[in-house]
Structures are given as structure tokens and as C-alpha cells.
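2 protein chains.
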Amino acid sequence: MNSQIQYHYSTDALAHVSGFTTSAAACDIRNKGNDRLDLCLIHSATPCTAAGVFTTNDVVAAPVTYCQDVLAEGTPIHGIICNSGNANACTGEQGDRDAEEMLMEAEQQTQSPEKSYLVCSTGRIGEVLPMDRMVPKIQECAQNLSAEPQNATDAAESILTSDTRPKTVRAEFTLDGEKVTIAGIAKGAGMIEPNMATMLAFVITDADVETSLLHKLITDATNQSFNRLTVDGDMSTNDAVLLLANGQSGKQISPDIPEGLQLFQEALNQICYDLAHKIVSDGERITKVVKIHTTGAPSDLAAEKVCRAVGNSLLVKTSWYGNDPNWGRLMDAAGYARVGLQMEKIDLHYDETPVLLQGKPQTQNRADWKSIVSGDSFTIHLDLNLGAGKSWILSTDLTEGYVDFNKSE
Amino acid sequence: MNSQIQYHYSTDALAHVSGFTTSAAACDIRNKGNDRLDLCLIHSATPCTAAGVFTTNDVVAAPVTYCQDVLAEGTPIHGIICNSGNANACTGEQGDRDAEEMLMEAEQQTQSPEKSYLVCSTGRIGEVLPMDRMVPKIQECAQNLSAEPQNATDAAESILTSDTRPKTVRAEFTLDGEKVTIAGIAKGAGMIEPNMATMLAFVITDADVETSLLHKLITDATNQSFNRLTVDGDMSTNDAVLLLANGQSGKQISPDIPEGLQLFQEALNQICYDLAHKIVSDGERITKVVKIHTTGAPSDLAAEKVCRAVGNSLLVKTSWYGNDPNWGRLMDAAGYARVGLQMEKIDLHYDETPVLLQGKPQTQNRADWKSIVSGDSFTIHLDLNLGAGKSWILSTDLTEGYVDFNKSE
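Sequence lines, in order, name chains A and C. Per numbering that gives the first Met the number 0, the first sequence starts with residue 0, numbered consecutively. Per numbering that gives the first Met the number 0, the second sequence starts with residue 0, numbered consecutively.
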């Protein structure tokens, strides 16, 4: 890591970015009669540039469509409104109207222009939002906006669903004597509630970044982080990563200033990687995080296919749960990725320990294999020795707890 | 079903096909000190035409390669030798030599010509076969070959691994006063033992069928049966479906005799479907078999993608296990097949009960949804209303029992 960048993991991350305020409220969206926080606003009085990356599922929730439309228009952005407990997905025209009403309320109550807010929802699918309970709380949130640490912590908590803890990170670096801050919050992906999960991440910065550069930076960072997670292989209707930049640090990030761009890019990549790792580690009832690293593939895409075949194989994932260094299941899964792998060329390592060399089991290391996969975090390195393609993903084991958690209504 | 064809499900199915003999033996291939049957011969003194369908995994076990080579040469076939308990996969050159030795022993001991036997192995991956214990038992099997019902039952049992019961079916029909018999045995797919499963099916008939027609018939039957199963989405290194025809009924099956061809085709398709259904129903610790039927897709391939996305979704499978009629998870999974589905056009039925009509939840039927998915067998029908493409697969739920069963070494 670059020593010029400082990282902080306190839950009040969003409170440290100049010009942004936050607040959260409890609407009892799930109608459970409790006061769990389930609504938040993230606001900037000054206009932001903004960019987003979204689910590529054919079935897309109303808020995702609205965010895409607003970002395509390129109007200045002033904030994000987000609710948990209900995904506003598969809700038809009523869902469209509700997303629009959330946006309008947020914009009006914060005295922001039209089409200056982004909206996200996460939680149960196929049910309409309780707008009667939400509208008064949007007004309350708008009145309570502040840069107080407690507000920022509440915002990070309000977007959670089945997560067991908030996921926050902040990076700071200095450019020409001025501090630049980037902060992010996220909620988990692995999957959810009675119904449906979502991976959401909101990143805000006081740097001044032009829209198209912002889009490139968040796309690259997402491809090296959130797009490399697999807990159960499922992809939600609501996945969204949003990045807002309000320029209040006075420091511009652009290709004309390579040092600043490099620092910003590195900090953003690290923030997204840290949030992604926190999401996987907090996957539903998982006990292990496994990095699968494939090299020597015919292409990067082929390497990714191998990583995903291994990382999504139920047989591989259950063997990890059982602390079983089962390279047979692993090779079988790699084989059905069908990238042309040849068993007699394969080198396989668990962490640094050889398991197969040119396809031959290194059985003298059997005790070490067992010890490594009995840990709660390890790396699988598969070298196909066919080409220069490489890729990696983060995966998890599959546990009885996952099945138990997700079977219930 | 065609009333001209009679189906029988006794475990001695193979004993009823003219000119075929069988036997089985216990070699203790897994080195557990027990006398579980783990080797069998299926033999015809008169030469057979033969055809096979095999795994498309990049990692292919030695026996699969040998079968493909022998079938490509087109020499007359006299039998099958099969062991369970060890897959002879990822075993390098030693594995090739062992497969070759199994074949040579079987051929010599049954006084059959060279390259007249097919070989299959199923079980643990990555370990060499105990040939010293197997060779004497191959000799014993050759001496004990007979058409006794007990021998046929033993053969059906000897190929099992984690299956809880043998899978057998036999069809008979009459052509011009002569009886034609087709019989099949199979072992399960879902997945297996400590290490690796295989789906194996051996079908034999006393009809006289030319090789290329036999190949077409078994390929078509497999595409409508074994290729439409998913228990955990994993595909083994050893999957094989073999069909042998020795002509001893005296009845020829060919396009020149449409009535006979139609009866044969229908009986073969039904045998493969029945064996496939038995495999899924006996999947490891599953509690439900679910048929997923997609229609109205842009193409048959698109329909199959939707079926597989739904049938392999962990979230969908766990919801079935929990008797939860969770159409939200189902639509999310269908959406990430990315065939261009449009939520507002979807009709979804559980059995005959509407769940979504033009994308709108039919919540008045909620109690019926629950009742249907609480059963041990039901059909999901998803009509995309986009085109004429259609497909189906058989899937299962995902249970804590599956995870528990597969986590152990």
C-alpha cells in the first residue's frame, strides 16, 4: 500500500468528507413494529458530479432504472436517498411511481433541483413500498441532515439487511498541502432476508472530478472488487455502486495531474476492495473466505471462467466447509469451465504449498493442505500453463447455516 | 404412453435381454475391508453395435478416453466392464495403463476379441486403482457370467456409489410377433462419496440396430433425459451413457420400418427419462424434485438458459427446501440468464396455479402456491411470451443434509 494514503475504518466514515451531510430514520418498512433504521439521505449542498455501476440482470428494480436515467441526463447531483427492507423490484408501474415520489420528496425537502437525487432500495422483492410511512420520514431526514459522526454511523447502518455489521472505509491523502477525502459505505451480497439481497455501495469524495473520468474510475474499481465476489453465484435485481464528487476540497483530479490521479485511483480501488472483502466476510453464515487465483489461461476471460466455475461449485464450497483439501472436486469444476485445460500441465497451490505439479499430486504435502483449508482464509492458485490469461475472485464456503438461513420465509 | 410398450421396474432388468449375461464381484476397491459389490461385467457372446454419450468436461477420466477411442474404431463390441469406488480420474499415465489392463483382462477372460469391451469407473478421483485386488475378480466375474436374475440385480447394485437404491428399467414390445427388449441400469449424479460423482447409464437391447442410427437414438434420448438433470450443477469427469445392441431378437430397427423405429425410439426415450428421474429423486439428501418448464423464449437455447439459471440458483433451491413459494428469487434468477426477458410479459405458474400473469402477482392464490411447493414434486412453468423457444429441466431443492453429506472427507 502507498504510505501517502491513510485508511480509517470507523463507522462514521461519511462524516469526514467536506460538504456532505447525512441522516437516517426508522420507517418500519418491513411492518414489524420495530424502530430499526431503514431510510437514509446522503446530501451535498453544492452540486456533485456522479457515476454509477449497476446490476446487469434482465429483471431490474425501479430505482435502478431511475438512477440510470438521471445519470444519463448528466444533471448536477445533490444526493442519494436509500431505503432497506423492501427492494421495490417486480412492483410494476406502482414501483416506478414510488421511486419517483421518493426522489421528488428528497429533492423538495432538501431544496435541491429536479433530477438531482439518486435512489436505491434493497430488501424484499415483489411488494410495494409503504409510502405513507416513508414520506414523513423523508421530511424528517431532510431536517436532520448534518455532518455529525452519529448521523454518518446511522446512515451506514440504515442500508443493511441481513448483514451483521456496518461496512465503512475512508481514505485521506494530501495534494499540494490540501487534504482530499474519499469515504464509502456498503451492504452485503450474500443473499438475503426472506427474499432478496442486494449489493449496494455509496462512495463520496470532496475531490473535483469530471463526470466521464469519474465513470471510468468507478467502473475500473468495481471490476477489481464488487464484480469479483461470489457467495452463492446469484445476482440481484438492485445491485448498485454510486460515486459522488462535490469538489469541496478544492483539489481537481484529472489526467493533467498524474500524481493526484494516481493517488485518487489507488485510494478508490482500495476502498472498493475493502468494502467488497467486508461483504464477502459477512456473507450469510459463511465460515471461510477463499481467494481463487487462476494464471496461465488462454485469455483473461478463460481465467475468469475457471475462477467462477471453482468458486461457484457446490461440491468445492462444501468441501471447504468440511476442511477437506479436495483437489479432485476442484479440478472437476475447473474442467467444466471448458477453456481447454490439460490435466498434465496444471500446477495447483493452496497458499504457497504445492498440491499438483504438472498434474501430479504432491501427496507428501497432504498434512499441509489440510492445515491450510482448515483456516478461515486461504488462497487457491491454479496455473494452467497454457497462456498469459489471469483472473481472480473471492469466494466462500457453503454451510448448513446458509441453507437454514435461506430456507425460511 | 404407448400401450404397445410394457415397462417393468424389477432390479433384474438386464437378465431379460436375449443373449446378454452379467456378473458382479466385490474387490474392496475403497479399501474399507467390506464386501460391497464394486465390479461388474455385462457381456454378449455375439457381437454388438454400440454407441455412447460422454462428459464434455475438460478433465476426462482415462476410461472415458478409452471408450471414445474404441467406439471411434467401430469394432464389434462384446461387453462393458465397470468398477465403482474409484473414478480412475486425474491418475495420469498409470490411469491409462490401468484402464487398458481392465479392458484386456475382460476381453481375454471372456474370450472376446481385442478392442471389443468398453470400460467405466466411478468413485473417488485422483487415486490409482488397486489392480492387484481387481484382476482376480475380473477372472471370477468372467467365469460367473449368466442370465440369472440375481446376477443382473448384483450388476445393477455394483455400479452404485452414494445412491440409496438401484435404478433399473426394462421395456418390451412386439414386432411382427417377435418380442424386442431394451433394459437399462444407472447410477446417480448428485454428487458423491467423499469425492466425486458420476452419472453412468448402461442400456442393452436385443434389437438389431446399425451403429450410426444407434448413435443418433442414444444422443437424442440423452438430450431429453440425462442432459436435463441438475442437482448441484456440477458435471463429472466420468459421465457416460452406453447403448449396446446384439440383434438376438432377430428384429431389425431401421428407418425402412417406421413402426418399429418409432416403438424403439419411444421405449428408449422413456427408459432414459425414467432412469434420469430416478437419479434426481435419489440425489444426495434432497427432499423435492422440481420440473422447470420455460416457454415463449426467444430460442430453445435461451429457454434452457433460463431453466438452468433457476434450477441452479442456491436461493431458489433453498426456498423450495423451506416450502417457500418465493417467486421473487425465481424471477431474479431467470433475469440473470440475460435472455432479454421483460417482467411485464411474464406468466408464471406453479403446477396449474397462476403466480404471475403479465408480471402481476396473483396474490389471491398465495395459499395454493404454498401448498404446491410444500409437496415433494411440482412443476414451475415460466412463459416469457417473447417467442417460440422452449425447454425444461429436472432440479431439486438444496438441503442442510446435502451440505452435511458433502462436507465430510
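C-beta: ideal position from N, C-alpha, C; glycine also. It should be emphasised that the depicted structure is a prediction, and the values quoted were computed from it without experimental measurement.
Candidates the options: closest to residue i by CA position
| i | options | result |
| --- | --- | --- |
| V179/C | T352/C, N245/C and L300/C | N245/C |
| D238/A | S2/A, E126/A and G51/A | G51/A |
| S83/C | I285/C, T218/C, D153/C and T221/C | D153/C |
| L383/C | V354/C, Q142/C and M342/C | M342/C |
| I124/A | L228/A, T90/A, T395/A and F53/A | T90/A |
| I278/A | I256/A, S111/A, D346/A and L393/A | L393/A |
| Q3/A | Q264/A, H77/A, K31/A and T173/A | T173/A |
| S43/A | I76/A, S235/A, R284/A and T210/A | I76/A |
| K136/A | D68/A, T109/A and G122/A | T109/A |
| I41/A | V58/A, R35/A and Y116/A | Y116/A |
| G249/C | A275/C, C47/C and H7/C | C47/C |
| A25/A | L243/A, H15/A, N143/A and N322/A | N143/A |
Contacts around residue i, its chain only, beta-carbon distance under 7 angstroms, and the 5 residues preceding and following it disregarded
| i | result |
| --- | --- |
| R164/C | D281 |
| L397/C | L313, K316, T317 and Y320 |
| N33/C | D27 |
| V240/C | G51, V52, A200, I217, T221 and F225 |
Segment limits, beta strand (DSSP E) that includes residue i
| i | result |
| --- | --- |
| N364/A | Taken as a continuous stretch (DSSP letters only), N364/A belongs to no beta strand (DSSP E), as it is neither H nor E. |
| Y471/C | Any property of residue 471/C remains undetermined from this structure, which presents chain C solely from 0 to 408. |
| T167/C | K166 to L174 |
| L381/C | S376 to D382 |
Chain-order list of residues whose beta-carbon lies under 6 angstroms from that of residue i (same chain, five-residue window excluded)
| i | result |
| --- | --- |
| A155/A | T10, P165, T167 and I184 |
| D346/C | L356 and D382 |
| Y427/A | Past the edges of chain A, shown from 0 to 408, lies residue 427/A, and the structure says nothing about it. |
| K328/A | Here residue 328/A is Arg; the residue named in the question, Lys, does not match the sequence. Once the five neighbours on either side are set aside, the close Cβ partners of R328/A are L314, V315 and S318. |
| I191/A | With a pLDDT of 35 at I191/A, under the threshold of 50, the modelled position of this residue cannot be trusted, and the question is left open. |
| T293/A | A302, V305, C306, L381 and S390 |
| G259/C | L174 and I252 |
| L102/A | Y116 and V118 |
Supposed close pair residue i, residue j - CB separation, criterion 8 angstroms
| i | j | result |
| --- | --- | --- |
| E106/A | E113/A | 6 angstroms |
| S224/C | K287/C | The Cβ separation is near 19 angstroms, so there is no contact. |
| A336/C | V289/C | Between V289/C and A336/C the Cβ distance is about 17 angstroms, and since that is not below 8 angstroms, they are no contact. |
| A23/A | L38/A | 6 angstroms |
| V354/A | N364/A | 7 angstroms |
| A308/C | L385/C | With 8 angstroms as the limit, A308/C and L385/C do not qualify as a contact, their Cβ atoms being about 16 angstroms apart. |
| T121/C | K186/C | 6 angstroms |
Proximity test, Cβ basis, 8 angstroms: residue i and chain A
| i | result |
| --- | --- |
| N30/C | no |
| Y320/C | yes |
| D331/C | yes |
| V240/C | no |
| L56/C | It is worth fixing the name first, because residue 56/C is Asn in this sequence and not Leu. Closer than 8 angstroms to some Cβ of chain A, the Cβ of N56/C qualifies, so yes. |
| P432/C | Past the boundaries of the shown model lies residue 432/C; chain C is included only from 0 to 408, so the question cannot be answered. |
| E283/C | no |
| K389/C | no |
| S22/C | no |
| S360/C | Checking the sequence shown, residue 360/C turns out to be Pro, not Ser. So, interface residue. |
| S111/C | no |
Minimum Cβ-Cβ distance from residue i to chain C less than 8 angstroms
| i | result |
| --- | --- |
| E408/A | Caution is warranted here: a pLDDT of 44 is assigned to E408/A, below 50, making its placement in the model unreliable, and the coordinate value is therefore given only provisionally. Closer than 8 angstroms to some Cβ of chain C, the Cβ of E408/A qualifies, so yes. |
| C89/A | yes |
| W326/A | yes |
| M195/A | Only weak support exists for where M195/A lies, its pLDDT of 39 falling under 50; the value from the coordinates is given anyway. It does: the Cβ of M195/A has a partner Cβ on chain C nearer than 8 angstroms. |
| Y335/A | yes |
| L409/A | A query on residue 409/A cannot be resolved here, the shown segment of chain A reaching from 0 to 408 and no further. |
| N405/A | yes |
| D323/A | yes |
| I398/A | Looking at the sequence itself, residue 398/A is Thr, so the reference to Ile does not match. Chain C, which has a Cβ nearer than 8 angstroms to the Cβ of T398/A, makes this yes. |
| V134/A | no |
| V402/A | yes |
| M190/A | Note that M190/A has pLDDT 49, beneath the 50 cutoff, so the model's placement of it is unreliable and no number is given. |
| T317/A | yes |
Where the alpha helix (DSSP H) through residue i begins and ends
| i | result |
| --- | --- |
| L70/C | A61 to E72 |
| H214/A | T210 to N222 |
| T420/C | Outside the modelled stretch of chain C, which goes from 0 to 408, sits residue 420/C, for which no answer is possible. |
| K276/C | According to the sequence displayed, residue 276/C carries His and not Lys. Segment P257 to S280, the alpha helix (DSSP H) holding H276/C. |
| N405/A | E399 to K406 |
| E303/A | D299 to N311 |
| T152/C | P148 to S157 |
| A296/C | Here A296/C belongs to no alpha helix (DSSP H); instead the beta strand (DSSP E) covers V288 to A296. |
Own chain residues within Cβ distance below 8 angstroms of residue i, not counting five before or after
| i | result |
| --- | --- |
| D367/A | Y349 and T352 |
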